[in-house]
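Protein chains in written order, with this note's numbering: chain A, -13 to 295; chain B, 7 to 357.
All C-beta atoms in this analysis are idealised placements derived from N, C-alpha and C, irrespective of residue type, glycine included.
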Ligand SMILES: Nc1ncnc2c1ncn2[C@@H]1O[C@H](COP(=O)(O)OP(=O)(O)OP(=O)(O)O)[C@@H](O)[C@H]1O
Ligand SMILES: [Mg+2]
């Protein structure tokens, strides 16, 4: 009952200070449940949505419902460029990481010398934070970075400054490199586990039936590791679209990716931009949500088609 | 269609020796059963013939030609896996036609051969189902159809009937035998069921612990095993020591007339086997009958069509199978006749 009241109150818009205090008290009382129900199950999202629609009484702003923030955002061409960049970095790095992860997990299935050691080594990036990865990228890939110095040293370029611009361009090779570096082990882990589960027998059966290695991969192995591919790409893509540090440090500047745009809004001295930031965040959420949902829906359909309801 | 030979084949997995030294000549169009207890190397043997594994030593020949350099996909063998290995993401039709599609057979021919084989394995009504929606027996028939449709020259089946109920098992045995004869495919069939091996095969290869113990017709394996181990694996229960003398054998409980004694020296120690169904059991002694001994029934186990009696004869116990039309009580006095031509002798040196 109490939870329902709270929800009703929140929706009723204007209220006095006394009422507001009472509300906060009640929330405090219900904190454990509220935290679980609201914070974990999308309370933050609801709040973001409310803010993006003009509800931010704590900044003295409350014009709910107000679509002008979305209007301003979606009306500017910079937003669409940012969205394009965001999706581009997210998608390209997911695809590259996926291909590398598939190759790696297929290699890991086969016995080879030093396999045990290698199985530890490839997981290393999983334990190193993103920020360290970003720092490594700057150290390695920047002009004046280790790679440029090495190339200058062996005479492939005249001086480190001539090194091709990898970081801080809108191609985003630095961002993609960091994402890939971090996510290949993760995806490999997921796909390798699925591969172990399906075993080698169907591939062997296919070979005996006359299939080439290529045919075996595309018509026998790939369809069977799809669950691992879908789950890991889903997670990585969602992360890449929402991540902020890598594009912030390694990106090409204006127009930035959406999370960076949002961050700039939040950091603005003008509180009003907070709401614009929220509109950006909500936009990311909507786009990512729609894409991921569609992706899952297609996959579910495929699974149902092959008789796995 | 293809003659298969294994010459001194040995297989090691690390330090573990799975197959020690196998010599096996399988004639073209022959149906051979590989029989042996779990872990004796049956699957390993098939995997090497198919090319999925390579022998550590020795060679495998098809029609006299070494196939060690021939990749799996070009050997034109068929294999029905112990666990079927159906493609879970393909329906019955797609599973069955896989081998034709990857070889770029024309769609018309694919569908023609599909209809034919679906009819043979009686899966027409399940053609659109996925493996997860099939029963064990149906999956198995898909696995067989998928293999047969490619018209392999050597067909291997790894315990294809292990997961079936008794009725379906009998049906599938006849089905496999029919197919094998119709297409005259050299077939190697793994089983650890002696009855199945004897019913189906032209010859049985008995494998123990990575060694080929005997390779012969079912009749020979059953009645004239080379070794006690083979006899025991084939279910022989009456094996006793004896001494050969004057065309007779002296067993602990009686002196018996037996054939085949001329192969032994006077006074040579030997082991004798007599099948429990070969022994006649009588309530009254028969005058002048050879090899007749007196005993007392210790136990009687009912098996439906037969009753298995344990009969105490002197210090020995003999096992006798009789029709279950009349069941005798334990403790009854009975007379056993051991036909001399049904006593099989093993030289001591063979074991
Ligand atoms: N890849 C492998 N690595 C190590 N040992 C193996 C391998 N494959 C088989 N073996 C061993 O070789 C022996 C023979 O195995 P195989 O699979 O041929 O037995 P099998 O006769 O088919 O038994 P079952 O009737 O239980 O199927 C077993 O002891 C097994 O543990
Ligand atoms: Mg086996």
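Under 7 Å by beta carbon: chain B residues contacting residue i
i                      : result
residue 196 of chain A : 79, 105, 108, 109, 156
residue 188 of chain A : 91, 93
9 Å Cβ cut-off: residues of chain B touching residue i
i                      : result
residue 209 of chain A : 93, 94, 95, 96
Proximity test, residue i beta-carbon vs ligand 2 heavy atom, cut-off 8 Å
i                      : result
residue 197 of chain B : no
residue 146 of chain B : no
residue 88 of chain B  : yes
Partners in chain A for residue i, counting only beta-carbon separations shorter than 7 Å
i                      : result
residue 83 of chain B  : 194
residue 362 of chain B : Because chain B is modelled from 7 through 357, residue 362 of chain B falls outside the range shown and cannot be assessed.
residue 87 of chain B  : 187, 191
residue 58 of chain B  : 190
Heavy atom of ligand 1 within 8 Å of residue i beta-carbon
i                      : result
residue 94 of chain A  : no
residue 165 of chain B : yes
residue 213 of chain B : yes
residue 48 of chain B  : yes
residue 56 of chain B  : no
residue 43 of chain B  : yes
residue 70 of chain B  : no
residue 98 of chain A  : no
residue 221 of chain B : no
residue 24 of chain B  : yes
residue 64 of chain B  : no
residue 185 of chain A : no
residue 358 of chain B : With chain B covering only 7 through 357, there is no way to say anything about residue 358 of chain B.
residue 19 of chain B  : yes
residue 214 of chain A : no
residue 160 of chain A : no
Segment limits, beta strand (DSSP E) that includes residue i
i                      : result
residue 359 of chain B : Residue 359 of chain B lies beyond the residue range present for chain B, which begins at 7 and ends at 357; the question has no answer from this structure.
residue 93 of chain B  : Per DSSP, residue 93 of chain B belongs to no beta strand (DSSP E) and is neither H nor E.
residue 19 of chain B  : 10 to 19
residue 308 of chain B : 298 to 308
residue 328 of chain B : 322 to 329
residue 84 of chain B  : 83 to 86
residue 275 of chain B : 275 to 280
residue 104 of chain B : Segment 98 to 107 is the alpha helix (DSSP H) holding residue 104 of chain B; no beta strand (DSSP E) there.
Host alpha helix (DSSP H) of residue i (start-end)
i                      : result
residue 65 of chain A  : 63 to 95
residue 5 of chain A   : 3 to 15
residue 113 of chain B : 113 to 126
residue 231 of chain A : 231 to 236
residue 288 of chain A : 258 to 291
residue 145 of chain B : 142 to 154
residue 38 of chain A  : 29 to 38
residue 270 of chain B : Careful: residue 270 of chain B lies outside any alpha helix (DSSP H) and carries neither H nor E.
residue 248 of chain A : 244 to 252
residue 79 of chain B  : First-last for residue 79 of chain B: undefined, no H or E at that position.
Interface partners of residue i on chain A, CB under 9 Å
i                      : result
residue 207 of chain B : None at all; the shortest Cβ gap to chain A is about 22 Å.
Contact list for residue i against chain B, beta-carbon separation under 8 Å
i                      : result
residue 201 of chain A : 108
residue 206 of chain A : 93
Enumerated in chain order, which unbroken segments of the alpha helix (DSSP H) with a length of 4 residues or greater are wholly contained in the region 220 to 266 of chain B? Runs found: 224 to 229, 234 to 239.
Can you confirm whether the region 135 to 143 of chain B touches the region 94 to 103 of chain B when touching is taken to mean that 3 or more C-beta pairs between the two stretches lie within less than 8 Å? Yes: at least three Cβ pairs fall under 8 Å.
Where are the alpha helix (DSSP H) runs, 4 residues long or more, that stay fully inside the region 169 to 204 of chain B, in chain order? Given a length threshold of 4 residues, each whole run of the alpha helix (DSSP H) inside the region 169 to 204 of chain B is given here in chain order: 172 to 189.
Between the region 41 to 60 of chain B and the region 20 to 33 of chain B, can you find at least three pairs of beta-carbon atoms closer than 8 Å? Touching, per the Cβ criterion.
Threshold first: 4 residues or longer. Then list the alpha helix (DSSP H) segments lying entirely within the region 149 to 215 of chain A, N to C. The qualifying runs are 159 to 184, 187 to 194, 199 to 202.
For the structure I just gave you, are there three or more beta carbon pairs, one from the region 178 to 190 of chain B and one from the region 142 to 156 of chain B, closer than 8 Å? Enough Cβ pairs lie closer than 8 Å, so yes.
Inspect the CB distances between the region 146 to 162 of chain A and the region 72 to 81 of chain A and report whether three or more fall short of 8 Å. They touch, by the three-pair rule.
Does the region 95 to 105 of chain A come within contact of the region 236 to 249 of chain A, defined as at least 3 CB pairs closer than 8 Å? Judged by Cβ distances under 8 Å, the region 95 to 105 of chain A makes no contact with the region 236 to 249 of chain A, as fewer than three pairs qualify.
Three or more C-beta pairs under 8 Å: does that hold for the region 38 to 47 of chain B against the region 273 to 293 of chain A? Short answer: they don't touch.
Is the region 333 to 345 of chain B close to the region 307 to 318 of chain B, with three or more CB pairs under 8 Å? Contact holds: three or more Cβ-Cβ distances are below 8 Å.
So, do the region 127 to 137 of chain A and the region 30 to 48 of chain A have three or more beta carbon pairs nearer to each other than 8 Å? Not touching, per the Cβ criterion.
Just to confirm the assignment: which complete beta strand (DSSP E) runs, minimum length 3, are found wholly within the region 16 to 66 of chain B? Runs found: 22 to 32, 37 to 41.
4-residue-minimum alpha helix (DSSP H) runs that sit fully inside the region 104 to 144 of chain A, ordered along the chain: Runs of the alpha helix (DSSP H) inside the region 104 to 144 of chain A: 110 to 113, 116 to 127, 132 to 139.
Is there contact here, the region 181 to 190 of chain A with the region 137 to 152 of chain A, by at least three beta-carbon pairs under 8 Å? Segments in contact, no.
How about the region 69 to 82 of chain B and the region 164 to 178 of chain A: do they share at least three Cβ pairs that are nearer than 8 Å? With the cut-off at 8 Å, the region 69 to 82 of chain B and the region 164 to 178 of chain A do not touch.
Assess contact between the region 208 to 224 of chain A and the region 121 to 131 of chain B, defined as three or more Cβ pairs (one per stretch) separated by less than 8 Å. Is contact present? Judged by Cβ distances under 8 Å, the region 208 to 224 of chain A makes no contact with the region 121 to 131 of chain B, as fewer than three pairs qualify.
Assess, as a yes-or-no matter, whether the region 231 to 251 of chain B is touched by the region 277 to 284 of chain B under the definition of 3 or more beta carbon pairs within less than 8 Å. Touching, yes.
Determine, using beta-carbon pairs with one atom in the region 251 to 259 of chain B and one in the region 212 to 231 of chain B, whether at least three such pairs fall under 8 Å. No, the region 251 to 259 of chain B is not in contact with the region 212 to 231 of chain B.
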